[in-house]
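Asker:
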Amino acid sequence: MALKSLSGKIALVTGAGQNIGRGIALSLSASGATIVVNGRDNKGLVSETVAEIKKNGGNAVGYMADISDPISVKTLIDKIKSDLGGLDILICNAGLRRQTKFLDMSFSEWREILSVALDGAFLLTKAAVPLLMDRGGGSIVALSGISHHIGTVNRCHVSASKAGLEGLMRSLAIELAPYGITCNCVAPGMINTVRGKASGERPTNSGGNTIPMQRMGSVEEVASLVNLIVGPNGGFTTGQTLHINGGAFLT
């Protein structure tokens, strides 16, 4: 049997109970990685992802944790180290979908979004990097998006958090390169998720932008891109934002 490209690797995927996060977890597992499936609230969804991975012949564990909380993050990473022995791949996928007009937005609504997407990525990366260093390097991928590139209404908090993720990964790519750690963003456009609810921002604005490919992307396409850049052929790709949006910027 041929050796799978991620055999022996351990990957943590946040927000992996459904949609893009679940797709990434399944894809990395199919390539041989052991998956830590993380969720915050819905233990049932996390258990479903773990069960699906195991049904397909993979290895997975489900750990609940609020990634916006420093103590919860430390507990999560400590558990991964004690139970699994280390970490090679970190996928910062967790985020919240909210739509609120800027003029109606409270500071707590603003902070709710940034605390999960941006603070969570900072806390996770800060805690996980020593484990990646112990393994001689690794890969970090944050899922950003399209809204902050084209502008969307009622989502300024989401746009700010995703723009922050791209800045964070770009800077960390420089700081962590000497340790063999790559840091990138994958920026999905409109994705038809596995649960039938669209993920991402519809790529239209006042200028009438549309998707040249005339369709939404699939969860599997996003997961395949993530799989590529964390795999053995992605080691020279770092500090990048890889867009997967059907050409939404081109019109």
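The working numbering puts the first residue of the sequence shown at 374, with every later residue one more than the last. We put the CB at the ideal spot given by N, CA and C, even for glycine.
1. For Ala433, which three-state DSSP category applies?
2. Nearest to Leu504 by CA position, among Thr583, Cys529 and Ile462, is which residue?
3. If we count the other Cβ atoms within 10 Å of its Cβ and call it buried at 16 or more, is Asp439 buried or exposed?
4. Among Glu539, Arg484, Gln587 and Gly620, which residue has its Cα nearest to the Cα of Val559?
5. Run through DSSP, which three-state label would Ala625 get?
6. Report the start-end ranges of each alpha helix (DSSP H) in the region 383-417 that is 4 residues or longer and not cut off at the edges.
7. Is the CB-CB distance between Asn411 and Thr448 below 8 Å?
8. Beta-carbon separation of Ala398 and Ile383 under 8 Å?
9. Look at the alpha carbon of Pro576 and the alpha carbon of Asn557, and state the distance between them as a whole number of angstroms.
10. Rank Lys416, Ala467, Asp477 and Asn392 by C-alpha distance to the C-alpha of Ile486 and give the top, closest one.
11. Count the other CB atoms within 10 Å of the CB of Gln472; is the residue buried (16 or more) or exposed (fewer)?
12. Alpha carbon to alpha carbon, what distance is there between Ile444 and Ile450?
13. Is Pro561 helix, strand or coil when you go by DSSP?
14. Span of the alpha helix (DSSP H) holding Gly540?
15. When you compare the CB positions of Gly396 and Val603, do they come within less than 8 Å of one another, or not?
16. Report the three-state DSSP secondary structure of Ser481 (helix, strand or coil).
17. Quick check: the Cα distance between His530 and Trp483, rounded to an integer number of angstroms?
18. For Leu504, report the span of its alpha helix (DSSP H) as first-last.
19. Whose CA, out of Pro551, Ile513 and Leu623, lies closest to the CA of Gly607?
20. Suppose you measure from the CA of Ile404 to the CA of Gly394; what does that come to, to the nearest Å?
21. Does the Cβ of Asp414 have 16 or more other Cβ atoms within 10 Å, making it buried, or fewer, making it exposed?
22. Comparing alpha-carbon positions, which option in Ala406, Asp456 and Leu469 lies nearest Leu516?
23. Assign Val526 to buried or exposed, taking buried as 16 or more other Cβ atoms, counted over all protein chains shown, within 10 Å of its Cβ.
24. State the start and end residues of the unbroken beta strand (DSSP E) segment that holds Thr614.
25. Return the chain-ordered list of same chain residues with a C-beta closer than 6 Å to the C-beta of Thr625, the five sequence neighbours on each side being excluded.
Answerer: Straight from the coordinates:
1. Sequence index remark: in the sequence shown, residue 433 carries index 60 (1-based). If DSSP states are grouped into helix, strand and coil, Ala433 belongs with the strands.
2. Start at 1 with the first residue of the sequence shown, and residue 504 comes out as number 131. Closest in alpha carbon position to Leu504, among Thr583, Cys529 and Ile462, is Ile462.
3. Here residue 439 is taken as the residue at index 66 of the sequence shown, counted from 1. Buried: at least 16 other Cβ atoms inside 10 Å.
4. Residue numbering aside, residue 559 sits at position 186 when the sequence shown is read from its first letter. For the residues Glu539, Arg484, Gln587 and Gly620, the minimum Cα distance to Val559 belongs to Glu539.
5. Past the edges of the chain, shown from 374 to 624, lies residue 625, and the structure says nothing about it.
6. Segments of the alpha helix (DSSP H) lying fully in the region 383-417: 392-403.
7. As a working note, residue 411 is residue 38 in the sequence shown. As a working note, residue 448 is residue 75 in the sequence shown. In this structure, Thr448 does not lie closer than 8 Å to Asn411 by Cβ.
8. Taking the sequence shown and counting its residues from 1, the one referred to as residue 398 is at position 25. Taking the sequence shown and counting its residues from 1, the one referred to as residue 383 is at position 10. In this structure, Ile383 does not lie closer than 8 Å to Ala398 by Cβ.
9. Within the sequence shown, numbered from 1, the residue matching residue 576 stands at position 203. Within the sequence shown, numbered from 1, the residue matching residue 557 stands at position 184. Confidence is the limiting factor: at Pro576 the pLDDT is only 43, short of 50, which leaves the residue's position unreliable and the question unanswerable from this model.
10. Residue mapping note: residue 486 aligns to position 113 of the sequence shown, counting from 1. Nearest C-alpha to Ile486: Ala467.
11. By 1-based counting over the sequence shown, the position of residue 472 is 99. Exposed: under 16 other Cβ atoms inside 10 Å.
12. For this step, residue 450 is matched to residue 77 along the sequence shown. For this step, residue 444 is matched to residue 71 along the sequence shown. In this structure, the CA atom of Ile450 is about 10 Å from the CA atom of Ile444.
13. Locating residue 561 in the sequence shown gives position 188, counting from the first residue. Residue state for Pro561 is assigned as strand, using DSSP reduced to three classes.
14. As a first step, residue 540 is located in the sequence shown; it is residue number 167 there, counting from the start. Judged by DSSP secondary structure, Gly540 falls within the alpha helix (DSSP H) whose first and last residues are Cys529 to Leu549.
15. Taking the first residue of the sequence shown as position 1, residue 396 is located at position 23. Taking the first residue of the sequence shown as position 1, residue 603 is located at position 230. For Gly396 and Val603, no; Cβs fall outside 8 Å.
16. Residue numbering aside, residue 481 sits at position 108 when the sequence shown is read from its first letter. Assigned with DSSP and collapsed to three states, Ser481 falls in helix.
17. Here residue 530 is taken as the residue at index 157 of the sequence shown, counted from 1. Here residue 483 is taken as the residue at index 110 of the sequence shown, counted from 1. A straight-line Cα-Cα distance of about 6 Å links His530 and Trp483.
18. For the purposes of this step, residue 504 is taken as the residue at position 131 of the sequence shown. Looking at the DSSP string, the run of the alpha helix (DSSP H) that includes Leu504 is Gly493 to Asp507.
19. Your numbering for residue 607 matches position 234 in the sequence shown. Considering only alpha carbons, the answer is Ile513.
20. Here residue 404 refers to the residue found at position 31 of the sequence shown. Here residue 394 refers to the residue found at position 21 of the sequence shown. The amino acid at residue 404 is misidentified as Ile; the sequence shows Ser. Between the alpha carbons of Ser404 and Gly394 lies a gap of roughly 16 Å.
21. By one-based count along the sequence shown, residue 414 stands at place 41. Result: exposed.
22. Locating residue 516 in the sequence shown gives position 143, where the first residue counts as 1. It is Leu469.
23. In the sequence shown, counting from the first residue as 1, residue 526 sits at position 153. Exposed, by the Cβ-count rule.
24. On the sequence shown, residue 614 is found 241 positions in, with the first residue counted as 1. Thr614 to Ile617 is the span of the beta strand (DSSP E), which, as asked, contains Thr614.
25. As shown, the chain starts at 374 and ends at 624. That puts residue 625 outside it, with no answer to give.
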